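Protein chains in written order, with the numbering used here: chain V, 112 to 579; chain A, 10 to 409.
Note that the Cβ used here is the ideal one computed from N, Cα and C, for glycine as well.
Predicted model, so just to flag it, every value in this text is computed and none were measured.
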Amino acid sequence: MVFSSPIFLFIFLPLTLICNLLIGLKKNIKYNNICLLFFSIIFYAYGSLKFLPILLISILINYILSIFIDKVEDKKIRYILLVVTVTFNVLLLFVYKYLNLFSGFILGKENATNIILPIGISFYTFQVISYIVDVYRKDVKHSDSIIDFALFAMLFAQLIAGPIVRYKTIERELKYRTVTLDSFSYGIKRFMIGFAKKIIFANTLGKVSDIAFANLNLHYLGKLLTVLVVICYSIQIYLDFSAYSDMAIGIGKMLGFNFEENFNLPFIAKSITEFWKRWHISLSSFFRDYIYIPLGGSRKGIVRTCINLTIVFVLSGFWHGASFNFLFWGLYNAIFIVIERLISYKYKIYIPETIRVIYVFIVWNIGMILFRLENLSDIKLLCEGFINGPAFNMWSREVLSTIYNPYFIIIFFISILYITPLFKNIQNYIYRLKYGFIVVDVMIIFLFVYAIIEMLTTGYNPFIYFRF
Amino acid sequence: MKENNKIEKLILILSFVLVIAFPYLTYLFSINKDYKSELSGSEEKVELSFENLDDYILQNFPGRENLIKTKNQLLYSLFDVSPNVNITKIGDTLLSTETINYYLHGLYNVEDEEIDSLARKFNTFKEYCIKNNKKLAIILTPCKARYYEGKFPFVDDIINLYDKKSIDVDKKVQNVEYNAETLKKEIRPVDKLKIKLKEYNINFFDSIDYIDNHKEKFLGGEVPLFYNSGHHWSIYKGNLLGIDFHDYLRKTLDIKIPLLSVKASPSDIAIYPDSDLFDVLNVYEKPNEKFYESVVTYENYNIGETNFLVQGGSFLGALLIPQITVSPFGEVTHIENKSMFMNRYQDLISFDSYDEINNKYNLLKVCKEADVYIFEIHELNVYNATFGLLDYLIEHMGEI
C-alpha cells in the first residue's frame with residue numbers, strides 16, 4: 112500500500128486515525144501502540160503478505176538479541192552479540208536484496224535466484240541496525256516491550272519509504288505522546304503538501320522522464336531534450352522522495368510522533384558534501400554515525416578520510432538498489448566529495464556561491480543518469496544521442512508532445528521554483544500578511560483536492576522505492 | 010490572534026475530513042447513485058477482490074467520470090492541448106501520436122527480412138487459394154498523417170530551425186544528410202511491402218495510390234477523407250472508395266458483389282468512427298465539424314452466395330460497407346485484433362487465441378467455407394504485421 116493510493120487515503124488512513132483517536136481517549140498508550148502495530152501489519156501485508164513473516168521474524172530476533180546486548184555485562188560477549196545481530200541483519204538484506212545480483216553476475220544470467228525484494232527491507236533493516244548499535248553503545252536502553260519495538264521497526268508511516276527513524280528519536284513517544292490541535296493540523300497540512308507534491312509535480316515530471324528513458328527513445332533525444340529530461344528526472348526524484356518524507360512526517364504528527372526532517376533544500380548546496388547533508392538526511396546521518404565515524408571518520412589523516420568517504424558513498428549508492436549502476440553512482444559521488452575534501456584540505460579558494468550551486472546542480476544531474484539507467488548500453492545510447500545528436504530531435508515525438516504542453520511547462524517552472532528557497536520565502540511572506548494564512552491554507556487544500564482528482568483520473572502513479 | 014489560529018486549524022482539519030469523507034458522504038446521501046459511466050475507451054471493469062481493492066476504489070469512486078471529463082475539458086479549453094497523451098492536437102486536427110511518429114519515420118522501421126517474410130506468407134496462401142479455387146484480396150490502407158503533412162510543426166520548422174544536416178544519430182554516423190525534403194521522399198515500410206508483393210506477383214488493392222490518383226474524388230468535396238476529429242477515414246469517403254474496391258474485387262478476382270451507390274447526407278451526430286479520436290478525449294464538448302452519413306442504395310442482391318473471411322479494422326469496415334455485409338448474399342466473418350464478428354455482425358466474440366475460437370466456434374469450418382479471404386494492411390502496422398489469422402490459415406492449410 113502506498114500513501115498516494117485511494118485505498119490508503121480513503122480507507123486505511125481514516126480508519127487508523129479514527130481508531131487511534133478513539134483508543135487515545137482511554138489514555139492508555141499501550142492500546143494505542145497495539146492499534147498502530149495492527150494497522151502497520153495490515154499496511155505491509157496488503158502489498159507484501161508473503162514478506163510479512165520475514166519482517167516479523169527479523170523483529171523478534173532483533174528484539175531478543177537486543178535484550179541480551181543490553182543486559183550482558185561482559186564486553187566481549189556483548190561485542191560478539193552485536194556482531195552476530197548486525198551480521199544477521201546485513202545477511203538478511205544481502206540475501207533478499209543483493210544475492211540475486213551477485214549470483215547473476217557470477218553465473219552470467221539475470222534473475223539467477225528469482226528472489227524478490229521485500230518492500231521496505233532497506234529501511235527497516237537500517238532502522239533496526241541503528242537500534243542495535245545504540246543499545247550496544249548504551250545510548251538507549253533496550254525496549255521493554257516487543258510491541259513498542261515492533262512499532263518502532265514497522266510503523267507504517269516510515270516503513271516503506273523512510274525516513275530512517277532512530278529509536279532514540281521516538282523512544283519517549285512510544286511511552287508517552289500527545290496529539291494536540293496544533294500537531295494534528297500541522298500533520299494534516301504536511302501530509303497534504305506531500306501528497307500534492309508527489310501527485311501533481313513529481314508525477315508530471317516523472318511521466319516525461321519515463322517516456323524519455325524508455326530504451327527506444329534514448330538515442331533519439333538530442334542535446335536539449337537530454338538535458339531537459341535529466342533535469343526532470345532529478346527534480347522528480349527529489350520531489351517524490353521529499354513528498355514521501357513530508358507525508359511520513361505529517362502522518363507521524365497526526366499520530367503523535369515527531370520524525371526528523373529528511374530533506375533541507377539540497378539544491379541550494381554549495382558543494383556535493385553539503386548536498387548530502389541536505390539530501391536524505393536520515394540515511395546520510397546513519398552512514399555517518401554507524402559507518403564513517405566507526406571507520407575513523409576524519410580523525411586518521413587525509414588519506415584515511417578519503418578512503419572512509421569512498422567506502423561510505425559506495426555503500427550508500429548500493430543501498431539505493433541492487434544493481435551495479437547504483438554502485439557506480441555511489442562511487443561517482445565519492446569522487447566529487449573526495450576531490451572537494453582534498454581541495455579544501457590544501458587550498459582556500461574563493462568561488463562565488465552561484466557558481467558553486469550551479470556546479471552542484473550539474474554534477475548531481477549527471478549522476479542521476481547513473482542512478483536511472485541500469486545498463487551501460489543505455490548510458491552509451493543516451494551519451495551518443497547527446498554528443499552526436501542535433502540540438503533538438505523531432506524523433507522524440509512522444510517526449511516532445513509531453514513537454515510541448517502549457518500544463519507541463521507550468522508544472523516544470525513551479526517545480527524549479529520549489530527547489531529554491533524562493534518558494535518558502537513567498538509562503539512566509541504571505542503568512543505574515545493579515546489573513547495570509549487563509550490564502551496559504553486555501554492553496555494547500557486546493558492543491559490537495561486537485562491531487563486527488565489527478566490520482567483518480569490518471570493511471571500514472573509510480574512508486575519509485577520498490578528497489579530500495 | 011490565538012483564537013484565529015485555533016479557528017484556522019479547525020477549518021483545515023474539517024476541510025481534510027470532508028475531502029477524505031467525500032466518497033462516504035456521496036454514498037450516504039445517495040448522490041450519483043444512478044450514475045452511469047459515459048467515458049469512451051474506458052478501462053476494463055475491475056471486479057471487487059482483495060488484490061484489486063485499490064483499482065476497484067479508483068474505478069468506482071463516486072463521480073470519477075465527471076472528474077475526468079472536467080479535468081480533460083479544462084486542459085483542452087485552457088491550454089488547447091489534447092488531454093490524452095496518445096493523441097496530439099495540431100491546430101484543429103487530432104492525430105494519434107503513433108501516427109505522427111510513424112509518418113516522421115521516428116520509429117517503426119521494418120527490416121527487409123521481415124517484409125520479405127510477410128510477402129512470402131501471402132504467396133504461400135495465394136498458391137493454396139489458387140489450388141482450391143478460393144480468392145485472396147489484400148488492401149493497403151493509409152494513415153491520416155499522410156494527408157495532414159503540412160500541419161506538422163516538427164517536420165520543416167524544427168529541422169530547418171535547429172539542424173538541417175542531421176536528425177538522427179545513426180544516419181549522421183552514416184554521413185547521410187537529411188532534410189525535410191529527403192525525409193518526405195524516404196521509402197516507408199509500406200512502400201517496401203508493395204515492391205515485395207509485386208515481386209511475388211501478389212495482387213493487392215493499393216488505396217494509398219488509388220486516392221493519390223483520384224484526388225478530386227477523395228480529397229475534394231464537402232466531406233473530408235479524414236475528419237479532424239477522427240483516426241479512420243470518414244464513413245462516406247470510405248464507402249465511396251469501397252465501391253471502387255468492390256469493382257476491383259469483381260474485375261480482378263471475379264468475386265460476385267452486389268452493385269450499389271452511396272451519397273452523403275448531413276448528420277447531426279458523427280457516425281462511428283468519424284470522430285473516434287475526439288471521443289476518447291472524454292471532454293464535455295462535441296466535435297466542432299459538419300458530419301455526414303452515408304446513404305447506400307443497392308441495385309441487385311440476387312447474385313448467389315459468397316462467403317467472406319476478413320481481417321482488418323475500421324478502415325476495412327468502411328470499405329466493405331456493412332449494408333452489404335449484413336445483406337443475405339453470403340456469410341461474413343470479420344476478425345479485428347482479438348475480436349471476431351460472426352453471423353453478419355450479429356455476434357461479437359472476444360478471444361485470446363485462434364485455437365480457443367476454433368474449439369468454441371469451429372473457426373476451421375468458417376475458414377474452410379470461406380470463398381474469399383480479405384486482409385487489410387494498414388501502413389502504420391507493417392512494422393508489427395503479425396497477421397495471426399494468416400499464420401493460422403497457413404498452419405492449417407491441410408485441414409481447410
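Are residue i and residue j closer than 8 angstroms when you measure CB to CB?
{"i": "valine 113 of chain V", "j": "aspartate 181 of chain V", "result": "no"}
{"i": "asparagine 144 of chain V", "j": "leucine 262 of chain V", "result": "yes"}
{"i": "leucine 290 of chain A", "j": "serine 91 of chain A", "result": "yes"}
{"i": "threonine 147 of chain A", "j": "isoleucine 211 of chain A", "result": "A small fix is needed here, since residue 147 of chain A is isoleucine in this sequence, not threonine. Contact flag set, yes."}
{"i": "leucine 394 of chain V", "j": "isoleucine 275 of chain V", "result": "yes"}
{"i": "serine 151 of chain V", "j": "valine 239 of chain V", "result": "no"}
{"i": "aspartate 285 of chain A", "j": "glycine 239 of chain A", "result": "yes"}
{"i": "serine 274 of chain A", "j": "tyrosine 301 of chain A", "result": "yes"}
{"i": "aspartate 200 of chain A", "j": "tyrosine 236 of chain A", "result": "no"}
{"i": "tyrosine 111 of chain A", "j": "cysteine 138 of chain A", "result": "no"}
{"i": "lysine 203 of chain A", "j": "aspartate 215 of chain A", "result": "yes"}
{"i": "threonine 196 of chain V", "j": "leucine 176 of chain V", "result": "yes"}
{"i": "isoleucine 348 of chain V", "j": "asparagine 375 of chain V", "result": "no"}
{"i": "isoleucine 106 of chain V", "j": "cysteine 146 of chain V", "result": "Outside the modelled stretch of chain V, which goes from 112 to 579, sits residue 106 of chain V, for which no answer is possible."}
Considering only residues of the same chain and omitting the five flanking positions on each side of residue i, which have a CB-CB separation below 8 angstroms?
{"i": "valine 468 of chain V", "result": "Phe378, Ile379, Ala380, Lys381"}
{"i": "leucine 453 of chain V", "result": "Ile413, Cys417"}
{"i": "valine 94 of chain A", "result": "Thr106"}
{"i": "leucine 373 of chain A", "result": "Asn367, His405, Glu408, Ile409"}
{"i": "threonine 108 of chain A", "result": "Cys152, Lys153, Ala154, His240, Leu389"}
{"i": "aspartate 172 of chain A", "result": "Bear in mind that the predicted position of aspartate 172 of chain A carries a pLDDT of just 43, short of 50, making it unreliable; the figure below should be weighed with that in mind. Answer for aspartate 172 of chain A: no residue qualifies."}
{"i": "lysine 130 of chain A", "result": "Phe396, Leu399, Asp400, Ile403"}
{"i": "proline 117 of chain V", "result": "Met566, Leu567"}
{"i": "lysine 279 of chain V", "result": "Asp245, Asp250, Val251"}
Can you list, in chain order, the residues of its chain with a C-beta nearer than 6 angstroms to that of residue i? Leave out the 5 residues immediately preceding and following it.
{"i": "threonine 306 of chain A", "result": "Ser270"}
{"i": "asparagine 169 of chain A", "result": "Annotation note: pLDDT 46 at asparagine 169 of chain A (below 50); position unreliable, coordinate value reported separately. Taken in chain order, the list of residues that qualify is empty."}
{"i": "valine 178 of chain A", "result": "Reliability of the predicted coordinates at valine 178 of chain A is poor, the pLDDT of 37 falling under 50, and no value is obtained from them."}
{"i": "tryptophan 387 of chain V", "result": "Ser395"}
{"i": "valine 550 of chain V", "result": "Ile541"}
Whose C-alpha, out of the options, is nearest the C-alpha of residue i?
{"i": "aspartate 380 of chain A", "options": "A/Asn371, A/Thr342, A/Tyr370", "result": "A/Thr342"}
{"i": "valine 290 of chain V", "options": "V/Ile232, V/Ile240, V/Lys364", "result": "V/Lys364"}
{"i": "glycine 158 of chain V", "options": "A/Val55, A/Asn61, A/Leu57, A/Lys54", "result": "A/Asn61"}
{"i": "phenylalanine 317 of chain A", "options": "A/Ile217, A/Leu76, A/Phe134, A/Ile383", "result": "A/Ile383"}
{"i": "threonine 569 of chain V", "options": "A/Lys18, A/Arg73, A/Leu19", "result": "A/Arg73"}
{"i": "lysine 280 of chain A", "options": "A/Ser243, A/Val375, A/Ser58", "result": "Reading the sequence as shown, one finds isoleucine at residue 280 of chain A and not lysine. If we check each option's Cα against that of isoleucine 280 of chain A, A/Ser243 comes out closest."}
{"i": "phenylalanine 559 of chain V", "options": "V/Ile243, V/Ile122, V/Ile310", "result": "V/Ile310"}
{"i": "phenylalanine 295 of chain V", "options": "A/Ile20, A/Gln68, A/Lys226", "result": "A/Ile20"}
{"i": "methionine 358 of chain V", "options": "V/Gln347, V/Ser345, V/Glu372", "result": "V/Glu372"}
{"i": "leucine 328 of chain A", "options": "A/His241, A/Lys377, A/Lys224", "result": "A/His241"}
{"i": "isoleucine 271 of chain V", "options": "V/Tyr242, V/Ser345, V/Glu385, V/Leu228", "result": "V/Leu228"}
{"i": "glycine 247 of chain A", "options": "A/Ile266, A/Ser303, A/Lys207, A/Leu268", "result": "A/Ser303"}
{"i": "isoleucine 122 of chain V", "options": "A/Pro32, A/Leu23, A/Glu17", "result": "A/Pro32"}
{"i": "tyrosine 57 of chain V", "options": "V/Ile556, V/Arg189, V/Ile527", "result": "Only positions 112 to 579 of chain V appear in the structure, and residue 57 of chain V is not among them; the question remains open."}
Given residue i, which residues of its chain have a CB within under 7 angstroms of its CB, disregarding the five upstream and five downstream residues?
{"i": "threonine 337 of chain V", "result": "Leu493, Gly496, Phe497"}
{"i": "glutamate 284 of chain V", "result": "Gly367, Phe368, Asn369"}
{"i": "leucine 262 of chain A", "result": "Lys144, Ala146"}
{"i": "proline 296 of chain A", "result": "Ser238, Ala279, Ser284, Phe287"}
{"i": "phenylalanine 447 of chain V", "result": "Ile383, Val474"}
{"i": "isoleucine 167 of chain A", "result": "Any reading at isoleucine 167 of chain A must be qualified, since the residue scores a pLDDT of 44, below 50, and its modelled position is unreliable; the value itself is stated next. Nothing listed; no residue qualifies."}
{"i": "tyrosine 576 of chain V", "result": "Ile271, Ala272"}
{"i": "valine 423 of chain V", "result": "Phe398, Ile402, Tyr403"}
What residue ranges within the segment 253 to 333 of chain V form continuous alpha helix (DSSP H) runs of no fewer than 4 residues, ordered along the chain?
-> 257 to 265, 267 to 270, 278 to 286, 292 to 307, 314 to 324
Members of the segment 54 to 75 of chain A that neighbour chain V once the beta carbon cut-off is set at 7 angstroms | Leu62, Asp63, Ile66, Leu67, Phe70, Arg73
Closer than 8 angstroms, Cβ to any Cβ of chain A: which residues of the segment 116 to 142 of chain V, in chain order?
-> Ser116, Pro117, Ile118, Leu120, Phe121, Ile122, Leu124, Pro125
Go through the segment 425 to 474 of chain V residue by residue and report every complete run of the alpha helix (DSSP H) that reaches 4 residues or more, in order.
-> 435 to 457
Cβ-based contacts, 8 angstroms cut-off: residues of the segment 522 to 544 of chain V near chain A | none
Proximal residues, the segment 179 to 213 of chain V versus chain A, C-beta separation under 9 angstroms | none
Between the segment 287 to 298 of chain A and chain V, which residues of the former have a C-beta closer than 8 angstroms to a C-beta of the latter?
-> none
Please name the residues in the segment 16 to 37 of chain A whose beta-carbon is closer than 9 angstroms to at least one beta-carbon of chain V, in chain order.
-> Glu17, Lys18, Leu19, Ile20, Leu21, Ile22, Ser24, Phe25, Val26, Val28, Ile29, Ala30, Phe31, Pro32, Tyr33
Identify each residue in the segment 77 to 98 of chain A for which the Cβ-Cβ distance to at least one residue of chain V is less than 7 angstroms, and report them in chain order.
-> Ile77, Lys80, Leu84, Phe88, Val90, Val94, Thr97
Closer than 8 angstroms, Cβ to any Cβ of chain A: which residues of the segment 282 to 295 of chain V, in chain order?
-> Leu292, Asp293, Phe295
Could you tell me which uninterrupted alpha helix (DSSP H) segments, each at least 4 residues in length, are contained entirely in the segment 61 to 133 of chain A, listed from first to last along the chain?
-> 62 to 68, 73 to 87, 106 to 112
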